[in-house]
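Going left to right, the sequence shown walks through residues 1358 to 1686 as our numbering numbers them. Even for Gly, the Cβ is constructed at its ideal location relative to N, Cα and C. These numbers come from a predicted model, not from an experiment. What follows is one structure encoded as structure tokens, with my remarks underneath.
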Amino acid sequence: MSGRRGHALPLSIAAVSALFLAALAGCSGEGVPSPRPSASASPTPLAPKTPPGLTPISRADFQKALSDVDAALGPGFGAVGGAQTPSDLSGALGAVALNLGVQADALDRLRPPLPSVTATKQLAAALRSLSKDLTAVATDADIQRVCTGASGMPHVANSPGADAFRLAFLALITANPGHPYTFGAFLPGAGPDPNRRPGNGALPGGRRGGYGKLTVDNQRTVDTVVKIMSGGDLIRAIYVQAGAQATVDAMPNGTYEAFYTSGTDWDDGGRRFTRDCEFEKFDDPLQYTTRTTSTAIEYSVWTLTLLRTSSLGSGAPTSPVEAGAFPGA
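Here it is, written out as structure tokens:
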């Protein structure tokens, strides 16, 4: 048994040596592994792709986006122009100011054609600036510096934000001379504040038919309109410029309420001052009567004297009236 174990040992050594040589066969003479042959071709590099969200939209789609902003802003600006009281004007301006911010965000999300990128950013910034300007005009409406859309809209159109918008739109069309875009229909052109001022005397409308007379002595520094009302019916409206007098006749018999409003820029269509407006009502009524005697016709004659502190006759009290409650007829 011991003799067979002596012959087995060399066989084991030989087997290990063969494995070691096989391992060395894969090495170069320097001990560095030889490169393995490859039958595969070298990979072709792929061209980089623009992420879909960053691809510029077409000119047609860009114009549609601009038109959508126009359509979104148009009704709000229409409400500003049509407002007939300071509170309505303030509310309309506030709503449009918020919407301008929304539409500016919509422009920021666009991927406009490359020539329009810078101008689109400028347009978005201009809408935000215009939003701040509308908020400032709304504050003026709250304190009745501007009273209706007839003056509120010119204040908006003449604001720095409106000027910035026009410059940004000019940059847009300058950058795309071969592809003119349309935008900004919601914003009217700039222009001076209106300053309409009728002459002294009766305004259109009302009723005639009697002997009564009414004189208005306006000793104030602002123009004033006095309205004589019977319920919701206008009897007479008289315009009196600052420091002037006006007299109307043919006042019919009846008991009437006397209102007055003062301010700047009389809008005859809206029957209101559009700036610096105030509204008052005389607490005591005006009574017009006519009596015929055998020798004469006796009739009522009233004088309303408007001082810095208003008075009817001798110190008659007045009370402020909300703009919305002031008769517009």
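Looking at the secondary structure, which residues open and close the beta strand (DSSP E) in which residue i lies?
i	result
G1620	G1611 to D1624
V1494	Per DSSP, V1494 belongs to no beta strand (DSSP E); it is in the alpha helix (DSSP H), V1474 to D1499.
A1607	Q1602 to M1608
R1648	T1647 to T1649
A1594	D1590 to V1597
L1571	G1569 to N1575
If you draw a straight line from the alpha carbon of residue i to that of residue j, how long is it in whole angstroms?
i	j	result
T1572	A1680	25 Å
L1450	S1424	21 Å
D1499	P1517	21 Å
S1457	G1567	The sequence given here places Leu at residue 1457; Ser does not occur at that position. Taking the straight line from one Cα to the other gives about 55 Å.
L1661	R1593	14 Å
Q1441	R1629	8 Å
R1632	I1414	45 Å
S1395	I1530	Confidence in S1395 is poor, its pLDDT being 49 and thus under 50, which makes the residue's placement unreliable; the coordinate value appears in the next sentence. Computed Cα separation, rounded: 59 Å.
F1636	G1620	9 Å
D1465	G1509	28 Å
P1555	V1605	15 Å
G1611	K1570	13 Å
Y1613	G1448	33 Å
R1468	L1411	7 Å
T1326	L1484	Lying before the first or after the last residue shown, residue 1326 is absent from the chain, which here runs from 1358 to 1686.
A1695	A1417	Not covered by the structure: residue 1695. The range shown for the chain is 1358 to 1686.
G1627	G1685	7 Å
S1587	R1648	21 Å
Q1501	C1634	6 Å
A1525	L1480	5 Å
A1607	Y1656	10 Å
D1640	R1665	17 Å
G1438	S1651	58 Å
Count the other CB atoms, across all protein chains shown, that sit within 10 Å of the CB of residue i; report buried if there are 16 or more and exposed otherwise.
i	result
T1646	exposed
K1638	buried
T1505	buried
T1477	buried
P1561	exposed
N1552	exposed
D1622	buried
T1460	In the sequence as displayed, the identity of residue 1460 is Gln instead of Thr. With 16 or more Cβ atoms within 10 Å of its Cβ, Q1460 is classed as buried.
S1391	The predicted model places S1391 with a pLDDT of 48, which falls under 50 and marks its position as unreliable; any figure quoted below should be read in that light. Under this definition S1391 is an exposed residue.
G1433	buried
V1658	exposed
S1486	buried
If I follow the unbroken alpha helix (DSSP H) through residue i, where does it start and stop?
i	result
A1452	P1443 to R1466
T1531	P1517 to A1532
P1432	R1416 to G1439
Name the DSSP bridge partner or partners of residue i?
i	result
F1639	T1675
D1580	G1620
T1505	DSSP output for T1505 lists no bridge partner at all.
V1658	K1570
R1629	D1624
G1558	Y1596
M1510	The partner list for M1510 (beta bridge, DSSP) is empty, contrary to what the question assumes.
L1663	N1575
Shorter than 9 Å from the beta carbon of residue i to some beta carbon of chain D?
i	result
D1550	Absent from the structure: chain D. Only one protein chain is present.
Notebook entry, point to check: Counting Cβ pairs closer than 8 Å, one from the region 1569–1585 and one from the region 1528–1543, do we hit at least three?
Noted result: no
Next item on the list: Kindly confirm or deny that the region 1425–1439 and the region 1540–1559 touch, where touching means at least three C-beta pairs closer than 8 Å.
Entry: yes
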